[in-house]
Each structure stands twice: as structure tokens, then as C-alpha cells.
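When you line the sequence shown up against UniProt numbering, it's residues 1 to 296, in that order. Structure first, commentary second.
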Amino acid sequence: MASISVGCNWKHVAVPVQKGSKENVADNLEYLEPAIYDMSQVPVHPKNTENSDLCELKCRPPIDHISIEGDPTKSLTVQKSPSYADHPLVVGPRYQPCDFRCTWATYLGKDTSGVFVLGLNAGLLLARRLHMTRPTRAYHIQGIFGQATDNYFLDGRIVEKATFHHIKRIHMARVLSSMQAAHQKQMFEQCGVDLQSQAAYELAVQGLVRPSSGKIPVIYSIKCIHLQPPHFTLEVQCINEYEMYLKTIIHEVGMQLRSVATCTSIQCIRHGHLKLDHALLRKYWHLQQVLDNMAK
């Protein structure tokens, strides 16, 4: 079967991205002519996401069954009728979940929403290559001052409380600029050059400086885009990050401001060159919309 490569979806918090997606796409494919597309795991519940337009498309009829009838001592007739061995009511749906394969380009945790890139069937290798290139990603991370939890997230058990009325935007800007400078210094140190040297300048003009290891998180930019105590939002551009690391950023900001803070939301707004405009909302996770999205 032919297959398509990579699609960009919008992941909701606590939604298992691969669970249930095979069934949804398989159900949609049932209404298409066979051997057109071999799709994969976009996670939705099939009963709630039937596409009325796809349901109206013509399905491939069963293959013909040829039989020879009549008395062998006399004339024989050739009969052609639909084969029940190929009828969907007998053999079941023409497309099964096991026909589809899917993988992510970069994993998002259960508490993270936003842009999520998937490779479908032939796109599995492309998704892995995209992951190996280690593209930068941007996040909007929301937090709340005044409380700290045992898992650094809002749903955890509160273990500490503190005041936050002394926190001003200028204090926030100083802390964030210090964190960003520390990470920039760390990048050049990993490359073995002095930050104040000519070698560091020549390295910087070549483009984005990436860490030698794919397991070390690095922040390229961090700024506060909203502050209305106790609530605030940070915009972070980083590489090699993971969900717990993003949560600890909020915790560290709270400690640096002589208070405590807990992460309340993590939203990926950009994955490489893919932005929110490229992502499909869950209500559009149907076959035709997925095909259109991957064609862009």
C-alpha cells in the first residue's frame, strides 16, 4: 500500500497520543477505494470522530466469485456473483489497526499540550531523522507563585507555601536573563572555547550552537510574557528538553525570587519550523484532514 509521511497534530494534556488512533483512521479508510493510503495512529475515539464526507464515499465492492453450474453431461453455464469470502460483513473491516504504524518525532509528556509531530508508516524514518536533527522547540510555561508541590506540577501535593507580593517584573527579568546567560556560557564551555575569545565569536556566527550531547537540556531564550501575581507565563526556546526539566524551570524561578512556584501548564508552540498554524485540533483528526495537513 502507498503511505504518507509526517503529520502535525495538536496534543491535549493527558491524551495518550497513539492510543485509539489506529481504529479512527482505519474506520475512515473503510469508505475509500482500497490501496490508496495506508495511514496510522492519530489518537481519537472512532465512534465520536466519524467524518460524514468520508462515509458518503464509495466502498470497493467484493471481488467476483466464478462458478460453473449445470449437468456435466449437458451444457454448463458460468455464473458470476459477489464473493462472500471478501464481503466486509463476513471478513470485517478492510483496514485493521495492525495495518498502521506510527511514531513521534519528539515525545511530549502527559502534562504537555501543543504541537506534536507524528510519522505515519513511510514517515517513520523521516520522523526519526527529524528527532536526530534535534530541532529547537518553543514552549509557553505557566506557573503560580506562593506554593510548591512534591511533583512540581499543579496536581501534586502542596509541600510548601510562601509570599509572593514582593515579586516585580524587573526582578523576574533579572533572574531570567541570568539563567539564559548561564546556559549560553555552558554551550560554549561544552564546545571547549572561551566565551570571550575569537573562537567563540566565529562559532556563534556559524549559526545555532548545539550541545555535543543530545541529553543535556540547553535554554537559548527565556522571557516572561505575562506576569499578574500569583500567575505568570514564560516563553522558553530550548533543545534536548523534557517535561520534568520544564517543570523544574518554574520551581527554580520561584526559588531565585525568594518565593516558591509550581508549574500549572506546558504548551509546545513550535517544533522546529512547525508552528501552531500547522497543527490539527483534535476535532479535525480525520483521514482527509490528516492527508491535507501532510500535503502542506
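Don't be surprised by glycine CBs; every beta carbon is placed ideally from N, CA and C.
Looking at the unbroken beta strand (DSSP E) that takes in Lys185, where does it start and where does it end?
Unbroken run through Lys185 is the alpha helix (DSSP H), Arg169 to Gln190; no beta strand (DSSP E).
What three-state label does DSSP hand Tyr193 in the structure shown?
Per the sequence presented here, residue 193 reads as Val, with Tyr not at that position. Of the three classes helix, strand and coil, the one that applies to Val193 here is coil, per DSSP.
The segment 249-267 touching the segment 156-169, judged by at least three CB pairs closer than 8 Å:
yes
Taking a contact to mean a Cβ-Cβ separation below 7 Å, would you say Gly192 touches Arg134 in this structure?
no
In angstroms with no decimal places, state the Cα-to-Cα distance between Leu76 and Ile66.
13 Å
Return the CA-CA distance between Gly119 and Phe100, expressed in angstroms with no decimal places.
11 Å
Residue interval of the beta strand (DSSP E) (run including Lys80)
Leu76 to Pro82
For His131, the three-state DSSP class (helix, strand or coil):
helix
Just confirm the distance between the C-beta atoms of Ile141 and Cys263, as a whole number of angstroms; I'd bet it's less than 8 Å.
6 Å
Proximity below 7 Å, CB of Met145 to CB of Pro230:
The sequence shown places Phe at residue 145, rather than the Met named in the question. Taking 7 Å as the Cβ cut-off, Phe145 and Pro230 qualify as a contacting pair.
Answer yes or no: do Gly114 and Cys238 have a C-beta to C-beta separation smaller than 7 Å?
no
Where does the unbroken alpha helix (DSSP H) through Tyr95 begin, and where does it stop?
Taken as a continuous stretch (DSSP letters only), Tyr95 belongs to no alpha helix (DSSP H), as it is neither H nor E.
Just the C-alpha distance for Cys59 and Pro88, rounded to the nearest angstrom, thanks.
10 Å
Does DSSP classify Arg282 as helix, strand or coil?
helix
From Lys275 to Gln228, what does the alpha carbon distance come to, in whole angstroms?
26 Å
With DSSP as the reference, label Glu70 as helix, strand or coil.
Note that residue 70 is Gly in the sequence shown here, rather than Glu. In the structure shown, Gly70 sits in a strand (DSSP, three-state: E or B).
Just to confirm, is the Cβ distance from Leu281 to Gln289 under 7 Å?
no
Who are the near neighbours of Ile68 in its chain, counting only those whose CB is closer than 8 Å to its CB and skipping five residues on each side?
Leu76, Thr77, Val78 and Gln79
Candidates Tyr284, Asp277 and His286, of which the one nearest Lys296 by Cα:
Asp277
Beta-carbon contacts of Glu241 that lie in its chain and below 6 Å, excluding the five residues immediately before and after:
Pro217
Roughly how many angstroms separate the alpha carbons of Pro61 and Val91, rounded to a whole number?
13 Å
First through last residue of the beta strand (DSSP E) which encompasses Tyr201:
Not the beta strand (DSSP E): Tyr201 falls in the alpha helix (DSSP H), residues Gln198 to Val205.
Just to confirm my understanding: we take Ala199, look at its own chain, exclude 5 residues before and 5 after, and list those with CB closer than 8 Å. What are they?
Val193
Assuming the contact rule is C-beta atoms closer than 8 Å, Ala173 and Cys224 should be a hit. Round their C-beta distance to whole Å, please.
7 Å
Pairwise C-alpha distance: Trp285 and Tyr37
Low confidence applies here, because Tyr37 scores a pLDDT of 29, under 50, leaving its location unreliable; read the following figure in that light. So the alpha carbons of these two residues sit roughly 16 Å apart.
Among residues of its own chain, excluding the 5 on either side of Ser81, which ones have a beta-carbon nearer than 6 Å to its beta-carbon?
His65
CB of Val175 to nearest heavy atom of the ligand PLP: below 6 Å?
For the structure depicted, the ligand PLP is absent and the ligand set is empty, with no information on it obtainable.
Determine the contact status of Ile219 and Leu246, defining contact as a CB-CB distance below 7 Å.
no
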